[in-house]
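Enquirer: Counting in this note's numbering, the sequence shown runs from 18 upward without gaps.
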Amino acid sequence: MSTSSRLSKNVLATAVLVGGMLMLALSAVACAPVKEASTAPLFAAGEHDPAVWGEVYPEVYTQWLATQEKRPAGKSEYKRGYDGGVMYDKLSEFPFMPLLFKGWGFGIDYKEPRGHYYMLIDQAEADPSRVKAGGACLTCKSPYAQDLQAKDKSGLFAATYGEAVEMIPTEHRTLGATCIDCHDTATVGLATRRWTVDAALKEIGLTEDKMMKRDTRLMVCGQCHATYSVMKDGGQSVDVDLPWEGGTWGAITVETIIENLETQKPRLEWTQEVTGFKLAFIRHPDVEFYTAGSTHFDAGVACNDCHMPRVSIGDAWVADHNIMSPLKRDMVACKGCHTGSPEEMRAKVLGIQEESLTNLIDAGYRVATVAKLFELANRSLETTSGDPAYDEAAAHYRQAFYRMLYMGAENSVGFHNPPEARRILGDAKTEADQADAGLRKLLASKGVSVPKEIALELPKYLSDRGVRKLDFVRGDYIPDPSGAAEKTWSNSLDLLLR
Ligand code: HEC
Ligand code: HEC
Ligand code: HEC
Ligand code: HEC
18 MSTSSRLSKN VLATAVLVGG MLMLALSAVA CAPVKEASTA PLFAAGEHDP
68 AVWGEVYPEV YTQWLATQEK RPAGKSEYKR GYDGGVMYDK LSEFPFMPLL
118 FKGWGFGIDY KEPRGHYYML IDQAEADPSR VKAGGACLTC KSPYAQDLQA
168 KDKSGLFAAT YGEAVEMIPT EHRTLGATCI DCHDTATVGL ATRRWTVDAA
218 LKEIGLTEDK MMKRDTRLMV CGQCHATYSV MKDGGQSVDV DLPWEGGTWG
268 AITVETIIEN LETQKPRLEW TQEVTGFKLA FIRHPDVEFY TAGSTHFDAG
318 VACNDCHMPR VSIGDAWVAD HNIMSPLKRD MVACKGCHTG SPEEMRAKVL
368 GIQEESLTNL IDAGYRVATV AKLFELANRS LETTSGDPAY DEAAAHYRQA
418 FYRMLYMGAE NSVGFHNPPE ARRILGDAKT EADQADAGLR KLLASKGVSV
468 PKEIALELPK YLSDRGVRKL DFVRGDYIPD PSGAAEKTWS NSLDLLLR
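1. According to the neighbour-count rule (16 or more other Cβ atoms, all chains shown, within 10 Å of its Cβ), is L34 buried or exposed?
2. Give the single residue among M248, E448 and G252 whose Cα lies nearest to the Cα of R420.
3. Go ahead and label P405 buried or exposed: buried means 16 or more other beta carbons lie within 10 angstroms of its beta carbon, across all protein chains shown.
4. In terms of residue numbering, what span does the beta strand (DSSP E) encompassing D250 cover?
5. Below 6 Å CB to CB, which residues in the same chain sit around R147 once its five sequence neighbours on both sides are set aside?
6. So does S146 have its beta carbon nearer than 7 Å to some heavy atom of ligand 1?
7. Express the C-alpha separation of P186 and S509 in angstroms, rounding to a whole number.
8. Using 8 Å for Cβ pairs, my map puts M236 next to T209. What's the rounded Cβ distance?
9. Can you pull the DSSP bridge partners for Q253?
10. Could you give the distance in angstroms between the alpha-carbon of Q163 and the alpha-carbon of A268?
11. With three or more beta-carbon pairs closer than 8 Å as the criterion, would you say the segment 337–345 touches the segment 73–83?
12. CB-CB under 7 Å to V430, same chain, minus the five flanking residues each way: which ones, in chain order?
13. Going by the DSSP bridge assignment, what does I274 pair with across the sheet?
14. To the nearest angstrom, how far is it from the Cα of S254 to the Cα of K170?
15. Between which two residues does the beta strand (DSSP E) harbouring W212 extend?
16. Taking the C-alpha atoms as reference points, what is the distance between A472 and Y407?
17. Along the chain, which unbroken stretches of the alpha helix (DSSP H) at least 4 residues long are found entirely within the segment 112–187?
18. Three or more C-beta pairs closer than 8 Å, one from the segment 305–320 and one from the segment 448–466: is that the case here?
19. Taking contact to mean at least 3 C-beta pairs separated by less than 8 Å, is the segment 243–263 in contact with the segment 196–214?
20. If I follow the unbroken beta strand (DSSP E) through R327, where does it start and stop?
21. Tell me whether the beta-carbon of V291 lies closer than 8 Å to the beta-carbon of F432.
22. Could you check which residue in I378, G206, P260 and E279 has the C-alpha nearest to that of W506?
23. For the alpha helix (DSSP H) containing A461, name the first residue and the last one.
24. For R491, write down the residues that DSSP places opposite it in a beta bridge.
25. Identify which residue in L137, V387 and I330 has its Cα closest to the Cα of P75.
26. Alpha carbon to alpha carbon, how far is A175 from L367? Give it in angstroms, no decimals.
27. Using DSSP with H/G/I as helix, E/B as strand and the rest coil, what is W334?
28. Any chance the CB of F111 is under 7 Å from a heavy atom of ligand 2?
29. Quick check on R234: does DSSP put it in helix, strand or coil?
30. Evaluate K158 with the Cβ neighbour count: other Cβ atoms within 10 Å of its Cβ, from every protein chain shown; 16 or more gives buried, anything less gives exposed.
31. Indicate the three-state DSSP secondary structure (helix, strand or coil) for W266 in the structure shown.
32. Answer with buried or exposed for D493, where buried requires no fewer than 16 other C-beta atoms within 10 angstroms of its C-beta.
33. Examine ligand 4 and report whether any of its heavy atoms sits within less than 7 Å of the Cβ of T312.
34. Rank L514, Y382, P468 and K486 by C-alpha distance to the C-alpha of M114 and give the top, closest one.
35. My assumption, with CB atoms under 8 Å, is that P283 sits in contact with M248. Please give the rounded CB distance.
36. Please report the distance separating the alpha-carbon of Q166 from that of R396.
Below, the structure written as structure tokens:
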């Protein structure tokens, strides 16, 4: 069988437009095994080498290799990851983050994502504080994670980052997400390959027999684009676990996640320096945010429909494996289902992102202000924890912080689920304001005077970070699209931006 005939078997339109109306034919996209089940396996079990897969699928291999290319500049406004070959510093984009993350690696070095080719390379190049969790760090970054875990889980988790990388065959120590991460070696059908995902799906009752094709398509991305905790036993990392317990497919909500983070002690990974609180962390909750009732999820759309549009190569149509933002590819992915011009579709995305950004930035500075109020309270009050007013404010603060964290970590700047973004950030602001009011009242009752605008001391948290002495990058800063933040927190922001 020639490559092109193998590919063209999968060629099916994702959607057709009839009289300007949307007519989805999504069942047709279901990833039929590329190979008949009765014939011999296409690749040996455990074939990690993409070059071997590339002998059968040269076009896909070429696209996959292209994830290392820099992205065109000027197409995305707010997700500039390797655009024009520049890497963007998330802590300079959102200066409230380094204040809130002070105390561990994320407050030192936190960059916008770039192509899949770089995932291990970027880990190696990050500040050493970012890989303190050791072998656990490979879970989402190396196609060998599953193999190492199956062979000797405790050995993998006890290893330092450097030791764990050495467990990977030499030639693949920089290999990022590759064919075997998303495809079955025997049939090339889609499949996940991580114990973390098996455990999480079991927790939400999505067993293999219940999984629809669309669910598998979402979960091949969701096996890494999901939040997780590096579970701690004392100072030791013992597992990587998705906080999905109590959720259901289509409703792994931010509330579910926070409930797990707040009630399961092994999830407390770090101490926030400004407040002194022991906290959990939320990383890229992309599949959770998207599946929490978004319009596109409800309509049966999966990640690859927007991030891997079908492109024609010779006489075949191939899902483009140079996975990237649809904006950086001039919105071709939307065309299959929407009649709007690329300019109109881009404007829709930016409009949604700008609303979400305004809310995120507003929530971010409110939460940061409360953190500084806690710093003041811890310094000036005799009793802190144990005082009911203090504890109540702390509980509101944690709820606000986690919501803001969640929205700051999901990767679409609100686009994947606009109403959910609005809801979560609205709640973050309400919780932050309750904490703020409670703390101010408590401080006033003890005779501590509190200025209206708390000095956030942003330069203190942004400059001189880590062993590389990272600094604020003015050009990376993302102003509030509504302009409100720069007015409301004018003293603190002037100090940074002047
Ligand atoms: C093995 C884990 C893994 C899998 C599977 C995975 N991703 Fe990623 N993805 C990552 C990591 C890690 C990064 C950031 C890499 C970096 O910055 O070094 C990333 C980055 C991206 C980016 C940014 C690319 C760019 O050029 O800036 C997009 C878009 C993306 N992923 C979408 C997807 C989609 C869609 C799927 C499923 C088809 C998927 N990912 C599957 C781990 C994964
Ligand atoms: C309806 C289309 C659509 C679907 C479905 C979709 N995305 Fe996105 N995604 C977008 C858009 C639009 C952006 C914003 C990109 C930008 O601003 O450049 C984005 C951004 C991202 C980014 C950041 C890209 C970058 O360049 O840094 C990642 C990662 C990502 N999505 C992963 C996913 C995952 C995982 C899923 C499935 C759970 C998914 N997306 C589903 C449209 C979609
Ligand atoms: C991050 C996940 C991911 C990685 C890595 C990945 N693929 Fe895919 N692949 C997909 C998805 C998603 C589809 C689309 C399936 C669908 O339409 O339902 C796909 C489709 C395919 C198809 C079917 C033809 C088509 O284009 O629809 C082939 C063949 C294929 N991939 C081969 C490969 C090879 C070879 C590699 C490694 C060089 C690779 N893939 C890496 C996710 C991935
Ligand atoms: C596989 C089909 C499909 C693809 C691909 C797709 N959409 Fe959609 N989209 C839908 C459906 C179905 C709806 C719901 C019906 C409607 O509102 O038109 C929708 C609704 C929307 C909405 C309004 C609802 C909301 O969530 O705000 C926006 C905006 C949107 N799409 C933008 C995009 C953009 C931008 C892209 C490309 C990056 C895209 N879509 C790709 C099918 C798709």
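Backbone N, C-alpha and C define an ideal beta-carbon position, used for all residues, glycine too. Computed from a prediction, not measured in an experiment: that's the story for all the values here.
Expert: From the atom records:
1. As a working note, residue 34 is residue 17 in the sequence shown. With a pLDDT of only 34 at L34, under 50, the local geometry of the prediction cannot be trusted, and no value is derived from it.
2. As a first step, residue 420 must be located in the sequence shown, where it is residue number 403. For R420, the closest C-alpha among the options M248, E448 and G252 is that of E448.
3. As a first step, residue 405 must be located in the sequence shown, where it is residue number 388. That one is exposed.
4. Counting from 1 along the sequence shown, the entry for residue 250 is found at position 233. D250 -> beta strand (DSSP E) spans S246 to D250.
5. Taking the sequence shown and counting its residues from 1, the one referred to as residue 147 is at position 130. For R147, the CB contacts under 6 Å within the same chain, skipping 5 residues up- and downstream, are G122 and D126 in chain order.
6. The sequence position of residue 146 within the sequence shown is 129, counting from 1. Relative to the non-hydrogen atoms of ligand 1, the Cβ of S146 never comes closer than 7 Å to any of them.
7. Reading the sequence shown from its first residue, position 492 is the one you call residue 509. Reading the sequence shown from its first residue, position 169 is the one you call residue 186. Near 49 Å, if we compare the C-alpha coordinates of P186 and S509.
8. What you label residue 236 is simply residue 219 of the sequence shown in a count that begins at 1. What you label residue 209 is simply residue 192 of the sequence shown in a count that begins at 1. About 5 Å; that satisfies the 8 Å criterion.
9. Position 236 of the sequence shown, counting from 1, holds the residue named residue 253. In DSSP, Q253 forms a bridge with D250.
10. Residue 163 sits at position 146 when you count from the first residue of the sequence shown. Residue 268 sits at position 251 when you count from the first residue of the sequence shown. Going from the Cα of Q163 to the Cα of A268 covers about 27 Å.
11. Three or more Cβ pairs closer than 8 Å define a contact, and the segment 337–345 meets that threshold against the segment 73–83.
12. As a working mapping, residue 430 is identified with position 413 in the sequence shown. Counting only Cβ-Cβ distances below 7 Å, and skipping sequence neighbours, we find Y95, K96, Q370, S373 and L374.
13. By 1-based counting over the sequence shown, the position of residue 274 is 257. Paired residues: none, contrary to the question.
14. Residue 254 sits at position 237 when you count from the first residue of the sequence shown. Residue 170 sits at position 153 when you count from the first residue of the sequence shown. Inter-residue distance for S254 and K170 is about 11 Å (C-alpha atoms, whole angstroms).
15. The residue given as residue 212 occupies position 195 in the sequence shown. No beta strand (DSSP E) holds W212; the alpha helix (DSSP H) holding it covers W212 to E220.
16. Taking the sequence shown and counting its residues from 1, the one referred to as residue 472 is at position 455. Taking the sequence shown and counting its residues from 1, the one referred to as residue 407 is at position 390. Between A472 and Y407, the alpha-carbon positions lie close to 21 Å from each other.
17. Listed in chain order, they are 113–118, 136–142, 162–175 and 178–183.
18. Short answer: they don't touch.
19. Segments in contact, yes.
20. As a position in the sequence shown, residue 327 is number 310, starting the count at 1. Unbroken beta strand (DSSP E) run through R327: R327 to I330.
21. Looking up residue 291 in the sequence shown gives position 274. Looking up residue 432 in the sequence shown gives position 415. No. Outside cutoff.
22. To locate residue 506, count along the sequence shown from 1; it is residue 489. The shortest C-alpha to C-alpha distance from W506 to any of I378, G206, P260 and E279 is the one to I378.
23. By 1-based counting over the sequence shown, the position of residue 461 is 444. Boundaries of the alpha helix (DSSP H) around A461: P435 to S462.
24. Numbered from 1 along the sequence shown, position 474 holds the residue referred to as residue 491. Beta-bridge pairing links R491 to no other residue.
25. In the sequence shown, residue 75 corresponds to position 58, counting from 1. Ranked by how close their Cα comes to the Cα of P75, the residues L137, V387 and I330 have I330 in first place.
26. Stepping through the sequence shown from its first residue, residue 367 is reached at position 350. Stepping through the sequence shown from its first residue, residue 175 is reached at position 158. Their backbone Cα atoms lie some 44 Å apart in a straight line.
27. Taking the first residue of the sequence shown as position 1, residue 334 is located at position 317. W334: strand per DSSP, three-state reduction.
28. Locating residue 111 in the sequence shown gives position 94, counting from the first residue. Flag unset: Cβ of F111 not near ligand 2.
29. The sequence position of residue 234 within the sequence shown is 217, counting from 1. Of the three classes helix, strand and coil, the one that applies to R234 here is helix, per DSSP.
30. For the purposes of this step, residue 158 is identified with residue 141 of the sequence shown, where counting begins at 1. Per the 10 Å Cβ criterion, buried.
31. Position 249 of the sequence shown, counted from the first residue, corresponds to residue 266. The three-state secondary structure of W266, taken from DSSP, is coil.
32. Your numbering for residue 493 matches position 476 in the sequence shown. Sixteen is the threshold: when 16 or more other Cβ atoms of the shown chains lie within 10 Å of the Cβ of D493, as they do, the residue is buried.
33. What you label residue 312 is simply residue 295 of the sequence shown in a count that begins at 1. Yes - ligand 4 has a heavy atom lying nearer than 7 Å to the Cβ of T312.
34. In the sequence shown, counting from the first residue as 1, residue 114 sits at position 97. Nearest option by C-alpha distance: Y382.
35. The sequence position of residue 283 within the sequence shown is 266, counting from 1. The sequence position of residue 248 within the sequence shown is 231, counting from 1. In this structure P283 touches M248 by the C-beta definition: roughly 4 Å separates them, less than 8 Å.
36. The sequence position of residue 166 within the sequence shown is 149, counting from 1. The sequence position of residue 396 within the sequence shown is 379, counting from 1. Roughly 45 Å between the two C-alpha positions.
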